[in-house]
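Chemist:
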Amino acid sequence: MKTNLRLIPSLAALFFLSAFQPFNVEGLSQKVPSDVRDLPQRETSSHRAVATPKNGHRYIYVPAASASPGKGETITLGGVPYPSIVRLLATGESLDFAYDNATRTITITLPPALRGVSGEDVVHVQIPSVPGPTPEAPRDEKLWTPDDKPNSPVGVARGIFPGRVTWARDIAATPWDGVTGTWWAEGSGINQTAVDNMVARSLRSLTGESTDAGAWVALFKYYNRTHDRGDRAYTRGEKIAVKVNINNSYAGHKDADNQIDASVQTIHAVLHQLVKNAGIAESDITVYEATRVIPDRIFQKCHASFPGVVFADSKGSPENGRVRVQYTKNAMGYSIADSKVGRELPDFIVAATYIINIGLVKGHPTTGVTLTAKNHYGTVRVRDHSVFVNSHAHPMATYHPFVDMIGSKQLGEKTLIFMLDGLYGLRDVNDAVGENARWHNLFNGEWFASIFMSQDPVAIDSVGLDFLRNEFPLGRGKKAGKNESMANADNYMHESAQAGNPPSKTNYAPDGVPLKSLGVHEHWDNAKDRRYTRNLDPQNGKGIELHAVRLK
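Mind the numbering: the sequence shown is residues -2 to 549 in my numbering, read in order.
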């Protein structure tokens, strides 16, 4: 189906589409808006843009001179059944695009070349209620299966309980109906009390302690013992940085869309723990997203509760309350001459003693998955998606920059806890949270409603990968399996687990000293039982333990 959004000339390149009912094959008797004509044989409909804001939708500025029609530029979609691809055809006084297999409201994310001066890049479009072509038959999208067999661990497990990954799941934390408002809204989208409990119980389960304060003492002591800093807890004045993933905050500090980002409730729960139970002064904590921004929906609540905490992003200023990130040159090393990854790190990272890495649980069209390792693409000074494109195009047993980042003395080796915010884990970073975030294979259509913690960076990403690959195909083309984005997504896990003698034979030494194993990797036995080797044999298992957290 081809659609033409015609721009009102007097409004230049602002466009907005509203007042359409979702397309319904069985609902052809629905009233057709006056500005939509019937579909001709060539399946083309024309929609005239309107200028009136409605239902929180936003205008998009499309500079005609900056686009390259007909050169394969892609506009990604959210909120539609897969596969759904929008292809840019022309620009000027109209933005022409084609969409495939779209049967409901869609969200269009414009490529960087088409973003406006305001930085906004998302428009919500509803498919008009006019007769359309027969929907394309569903494509064969298979779940991806890794090459290594289940329960075949490699590497050396880390942690107070080696290889332990805690998993807290509580559907009370995610009461959103999937339609009203936003997934991140306080109360209706996420329940703060439930998240607080998930975080607290996870900390205790990770350490075996009976109190939150005791858990923090145990975490700091373990870290310091294993980093030649003595058997000691936190020392007042030591700096701690909290890396959050707000990769989709393209609209700036006012960003309020339904794309997936870090949840304010999880960040707030972690800050509460650090200040109230770990005894860290607010001024010694920096929450950051170096290559994006921290929007008001996150900043305002957290700043109100913890006014002394520093919030740092790419557009910070005294006027907005954030601090603009400043960088230290050549702070990050790599094991090959041209890793294509930035070498500058934020000043506060270099000054920090500890890091808490809060990643997300989501698929990604280039790296396969976005978990804790890729989260640091938002730390190094580089635009992430140009770094390591299409993991399926890189064979297993090849160099991966994630290994250097996990093993770096400035990043992975400063990390106290690795976390995954999976309250609304979903198939693809570009999707709007909605039907795409429902877990039909594993949880009967419920939200993922999960938070993970570990002291082992490889183990936690291995678990995140197993959940994602057993729920979502994660591919975008006509073929499934090894031609898709999920394939080889665990290459960096194999390389990291065996960093001292990796399958690629790379001499991983980001700081000049050869790395040893950075953690343990394996895949579970099956999607029903979800057992790793330490679950199957607690006494002799050498791999991962997936530890279900008791929430009461």
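Think of the CB as a built atom: it goes at the ideal place given N, C-alpha and C, for glycine as much as any other residue.
Quantities reported herein were computed from a predicted structural model and do not represent experimental measurements.
With 16 as the cutoff for other CB atoms within 10 Å, does Lys236 come out buried or exposed?
Modeler: As a working mapping, residue 236 is identified with position 239 in the sequence shown. Buried.
Chemist: Our contact map puts Thr288 next to Gly375 with C-beta atoms below 8 Å; I'd like the distance itself, whole angstroms only.
Modeler: As a first step, residue 288 must be located in the sequence shown, where it is residue number 291. As a first step, residue 375 must be located in the sequence shown, where it is residue number 378. Yes, Thr288 and Gly375 are in contact; Cβ-Cβ is about 5 Å, under 8 Å.
Chemist: Please report the straight-line C-alpha distance between Ala134 and Pro454, rounded to a whole angstrom.
Modeler: Along the sequence shown, read from residue 1 onward, the residue named residue 134 stands at position 137. Along the sequence shown, read from residue 1 onward, the residue named residue 454 stands at position 457. A caution first: Ala134 carries a pLDDT of 37, below 50, which makes its placement in the model too unreliable to give a value.
Chemist: Let me confirm a value: His361 is counted as buried when at least 16 other C-beta atoms fall within 10 Å, else exposed. Which label applies?
Modeler: One-based indexing of the sequence shown puts residue 361 at position 364. So His361 ends up on the buried side.
Chemist: Gly205 and Gly516 - do their beta-carbons sit closer together than 7 Å?
Modeler: Along the sequence shown, one-based indexing puts residue 516 at 519. Along the sequence shown, one-based indexing puts residue 205 at 208. Contact: no.
Chemist: Nearest-angstrom Cα distance between Gly234 and Ala278?
Modeler: Walking along the sequence shown from the start, residue 234 turns up at place 237. Walking along the sequence shown from the start, residue 278 turns up at place 281. So the alpha carbons of these two residues sit roughly 8 Å apart.
Chemist: Should Ala370 be counted as a contact of the ligand SAM given a C-beta to heavy atom distance under 6 Å?
Modeler: For the ligand SAM, the structure offers nothing, since it holds no ligand at all.
Chemist: So, for Asp193: in the same chain, excluding its five sequence neighbours on each side, which residues have a beta-carbon less than 6 Å away from its beta-carbon?
Modeler: Residue mapping note: residue 193 aligns to position 196 of the sequence shown, counting from 1. Within the same chain, Asp193 has close Cβ partners Ala266.
Chemist: Taking only runs of the alpha helix (DSSP H) that begin and end inside the region 192 to 236, which ones reach a length of at least 4 residues, in chain order?
Modeler: Taking only runs of at least 4 residues, the alpha helix (DSSP H) segments lying wholly in the region 192 to 236 are 209 to 222.
Chemist: For His437, count neighbouring Cβ atoms within 10 angstroms of its own Cβ and tell me buried if that reaches 16, exposed if not.
Modeler: Start at 1 with the first residue of the sequence shown, and residue 437 comes out as number 440. Counting Cβ neighbours within 10 Å, His437 comes out exposed, since fewer than 16 surround it.
Chemist: DSSP state of Glu519, grouped into three classes?
Modeler: Numbered from 1 along the sequence shown, position 522 holds the residue referred to as residue 519. Looking at Glu519 - three-state DSSP - the assignment turns out to be coil, as it is neither helix nor strand.
Chemist: I'd like to know whether the C-beta atoms of Ser302 and Leu420 end up nearer to each other than 7 Å.
Modeler: By 1-based counting over the sequence shown, the position of residue 302 is 305. By 1-based counting over the sequence shown, the position of residue 420 is 423. It is not a contact, given that the beta carbons lie outside the stated cut-off.
Chemist: Would you check if there are 3 or more beta carbon pairs closer than 8 Å linking the region 313 to 332 to the region 495 to 507?
Modeler: Enough Cβ pairs lie closer than 8 Å, so yes.
Chemist: Alpha carbon to alpha carbon, what distance is there between Gly540 and Asp534?
Modeler: The sequence position of residue 534 within the sequence shown is 537, counting from 1. The sequence position of residue 540 within the sequence shown is 543, counting from 1. In a straight line, the C-alpha of Asp534 is about 10 Å away from that of Gly540.
Chemist: If you follow the alpha helix (DSSP H) that Pro163 is part of, which residue opens it and which one closes it?
Modeler: Against the sequence shown, residue 163 aligns to sequence position 166. It is Thr, not Pro, that sits at residue 163 in the sequence shown. That residue, Thr163, is in no alpha helix (DSSP H); its beta strand (DSSP E) goes Arg161 to Arg166.
Chemist: Ignore the nearest five residues each way along the sequence and tell me which others in Gly365's own chain have a CB closer than 6 Å to its CB.
Modeler: On the sequence shown, residue 365 is found 368 positions in, with the first residue counted as 1. Around Gly365: Ser388, Ser482, Met483 and Ala486.
Chemist: Between Ala349 and the rest of its own chain, which residues show a CB-CB distance below 7 Å, the 5 nearest in sequence each way excluded?
Modeler: Within the sequence shown, residue 349 is the residue found at index 352, counting from 1. Answer for Ala349: Lys236, Ile237, Ala238 and Lys411, listed in chain order.
Chemist: Run the CB neighbour count on Pro392, radius 10 Å, all protein chains shown included, and call it buried at 16 or more, exposed below.
Modeler: Working through the sequence shown from its first residue, we reach residue 392 at position 395. Exposed.
Chemist: For His224, count neighbouring C-beta atoms within 10 Å of its own C-beta (all shown protein chains included) and say buried if the count is 16 or more, exposed if not.
Modeler: Translated into the one-based positions of the sequence shown, residue 224 becomes position 227. The residue in question, His224, is exposed, as its Cβ has fewer than 16 Cβ neighbours within 10 Å.
Chemist: Just verifying my parser: in three-state terms, what is the DSSP assignment at Leu92?
Modeler: Walking along the sequence shown from the start, residue 92 turns up at place 95. With a pLDDT of 37 at Leu92, under the threshold of 50, the modelled position of this residue cannot be trusted; read the value that follows with caution. The answer is strand: DSSP assigns Leu92 an E or B state.
Chemist: Run through the DSSP bridge pairs and tell me what Glu443 is partnered with.
Modeler: The residue given as residue 443 occupies position 446 in the sequence shown. BP columns for Glu443 point to Trp436.
Chemist: State the Cα-Cα distance for the pair Arg531 and His300, rounded to the nearest angstrom.
Modeler: As a first step, residue 531 must be located in the sequence shown, where it is residue number 534. As a first step, residue 300 must be located in the sequence shown, where it is residue number 303. Going by the C-alpha atoms only, they are around 41 Å apart.
Chemist: What is the DSSP secondary structure of Ala394, counted as helix, strand or coil?
Modeler: Along the sequence shown, read from residue 1 onward, the residue named residue 394 stands at position 397. Three-state result, Ala394: coil.
Chemist: Looking only at DSSP bridge pairs, what is Glu542 linked to?
Modeler: The residue given as residue 542 occupies position 545 in the sequence shown. Answer is Arg161.
Chemist: Taking C-alpha atoms, which residue in Met490, Ala309, Pro500 and Arg435 lies nearest to Gly404?
Modeler: For the purposes of this step, residue 404 is identified with residue 407 of the sequence shown, where counting begins at 1. Nearest C-alpha to Gly404: Met490.
Chemist: Tell me which residues share the same chain as Leu548 and place their Cβ nearer than 7 Å to its Cβ, disregarding the 5 neighbours each side in the sequence.
Modeler: Along the sequence shown, one-based indexing puts residue 548 at 551. Counting only Cβ-Cβ distances below 7 Å, and skipping sequence neighbours, we find Ala165, Asp167, Asn194, Met195 and Arg198.
Chemist: Note down the Cα distance separating Ile346 from Lys359, rounded to an integer number of angstroms.
Modeler: What you label residue 346 is simply residue 349 of the sequence shown in a count that begins at 1. What you label residue 359 is simply residue 362 of the sequence shown in a count that begins at 1. If I take the Cα positions, the gap works out to 25 Å.
Chemist: Determine the extent of the beta strand (DSSP E) in which Ala349 is found, giving its start and end residues.
Modeler: In the sequence shown, residue 349 corresponds to position 352, counting from 1. From DSSP, Ala349 is part of no beta strand (DSSP E); its letter is neither H nor E.
Chemist: How about Ala370 and Phe399: do their beta carbons lie closer than 7 Å?
Modeler: Stepping through the sequence shown from its first residue, residue 370 is reached at position 373. Stepping through the sequence shown from its first residue, residue 399 is reached at position 402. Yes; because the gap between Cβ atoms is below 7 Å, this pair is in contact.
Chemist: Would you kindly report the start and end of the unbroken alpha helix (DSSP H) that includes Thr530?
Modeler: Here the question's residue 530 lines up with position 533 in the sequence shown. Looking at the DSSP string, the run of the alpha helix (DSSP H) that includes Thr530 is Thr530 to Leu533.
Chemist: Between Thr367 and Val272, which are expected to be in contact by the criterion C-beta below 8 Å, what is the C-beta distance as a whole number of angstroms?
Modeler: By one-based count along the sequence shown, residue 367 stands at place 370. By one-based count along the sequence shown, residue 272 stands at place 275. In fact, because the Cβ distance is near 28 Å, the residues do not count as touching under 8 Å.
Chemist: Give a yes or no on whether the C-beta atoms belonging to Asn372 and Asn242 are separated by under 7 Å.
Modeler: Translated into the one-based positions of the sequence shown, residue 372 becomes position 375. Translated into the one-based positions of the sequence shown, residue 242 becomes position 245. Yes. Within cutoff.
Chemist: Can you grab the Cα-Cα spacing for the pair Gly184 / Pro470, in whole Å?
Modeler: In the sequence shown, counting from the first residue as 1, residue 184 sits at position 187. In the sequence shown, counting from the first residue as 1, residue 470 sits at position 473. About 31 Å.
Chemist: If you measure between the beta carbons of Asp228 and Asn245, is that distance less than 7 Å?
Modeler: The residue given as residue 228 occupies position 231 in the sequence shown. The residue given as residue 245 occupies position 248 in the sequence shown. It is not a contact, given that the beta carbons lie outside the stated cut-off.
Chemist: If you draw a straight line from the alpha carbon of Gly116 to that of Lys337, how long is it in whole angstroms?
Modeler: Taking the sequence shown and counting its residues from 1, one reaches residue 116 at position 119. Taking the sequence shown and counting its residues from 1, one reaches residue 337 at position 340. No answer about Gly116 holds up, because its pLDDT of 38 lies below 50 and its placement is not dependable.
Chemist: Would you identify the three-state DSSP class for Ala484, choosing helix, strand or coil?
Modeler: Indexing the sequence shown from 1 puts residue 484 at position 487. Correct three-state label for Ala484: coil.
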